[in-house]
Amino acid sequence: MTKEILSKDNIHLNVSTLAEKEEAIRYTGEILVDNGYVEESYVGKMLEREEVTSTFMGNNVAIPHGTEDAKVAVLETGLSIVTVPEGVDFGDGNIVKVLIGIAGKGDEHLEVLSKIAIVCSEEENIEKIVGAQSKEEIIRLFDEVS
361 MTKEILSKDN IHLNVSTLAE KEEAIRYTGE ILVDNGYVEE SYVGKMLERE
411 EVTSTFMGNN VAIPHGTEDA KVAVLETGLS IVTVPEGVDF GDGNIVKVLI
461 GIAGKGDEHL EVLSKIAIVC SEEENIEKIV GAQSKEEIIR LFDEVS
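In structure tokens, the structure reads:
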């Protein structure tokens, strides 16, 4: 049985303890580790990816994910979503309020990325995610995109 790509366990709302980018990426990655989507080594590859190119996407969103060679550490395709209403500085004045960690098995991440792009292209959706009072609200938002 495969896991849900986005389950309630993968969503952490209103996190206020993330002071900087590295900490935020680690936190997002650890959710994927804790819930059995990736091996621990994947988190290091997420940090490595960030050194190569920023995963800040605009609209207060960052999509931390591993490097190409991190695929061996992916056990199941999954997403983690962390909301940080106060924001985390991703450098160059880029403030992130929504972190979406991605682990994709094979090419499955492409479909997941397109879904994220559709949801996150609407500023209104970002506001809904940041302001979400329940994990179900976020799951519903992603489920609406087909």
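Residue numbers (our numbering): 361 to 506.
Here a beta-carbon is modelled for each residue, glycine too, at the ideal position from N, C-alpha and C.
Cutting at 6 Å between CB atoms, please list the residues of its own chain near residue i, excluding the five before and the five after it.
| i | result |
| --- | --- |
| Ser367 | none |
| Lys495 | Lys368 and Ile371 |
| Glu400 | Val393 |
By the three-class DSSP mapping on this structure, what secondary structure does residue i have?
| i | result |
| --- | --- |
| Val375 | coil |
| Leu435 | coil |
| Val403 | helix |
| Ala422 | strand |
| Glu380 | coil |
| Thr415 | coil |
| Glu446 | strand |
| Ile391 | helix |
| Ile441 | strand |
Which residue marks the beginning of the alpha helix (DSSP H) containing residue i, and which one marks its end?
| i | result |
| --- | --- |
| Phe502 | Lys495 to Asp503 |
| Leu473 | Glu468 to Cys480 |
| Ile486 | Glu483 to Gly491 |
Quick one: give me the first and last residue of the beta strand (DSSP E) that residue i is part of.
| i | result |
| --- | --- |
| Gly461 | Ile455 to Ala463 |
Might you give, ordered along the chain, the residues of its own chain that have their beta carbon closer than 7 Å to the beta carbon of residue i, omitting 5 neighbours on each side?
| i | result |
| --- | --- |
| Asn374 | Thr443 and Pro445 |
| Asn454 | Phe416 |
| Phe502 | Leu366, Lys475 and Val479 |
| Ile486 | Asn419, Asn420, Val421, Val458 and Cys480 |
| Glu504 | none |
Apart from the five residues on each side of it in sequence, which residues of its chain come closer than 8 Å, Cβ to Cβ, to residue i?
| i | result |
| --- | --- |
| Val472 | Ile365, Thr437, Leu439, Ile462 and Gly464 |
| Gly396 | Lys363, Leu435 and Glu436 |
| Val536 | Here the chain has residues from 361 to 506 only, and residue 536 is not among them. |
Exercise for the section: Count the C-beta pairs between the segment 441–457 and the segment 372–384 that are closer than 8 Å, then say yes if the count reaches three, no if not. Expected result: yes
Handout entry: Touch test, the segment 406–416 against the segment 384–391, Cβ-Cβ under 8 Å, three pairs minimum
Key = yes
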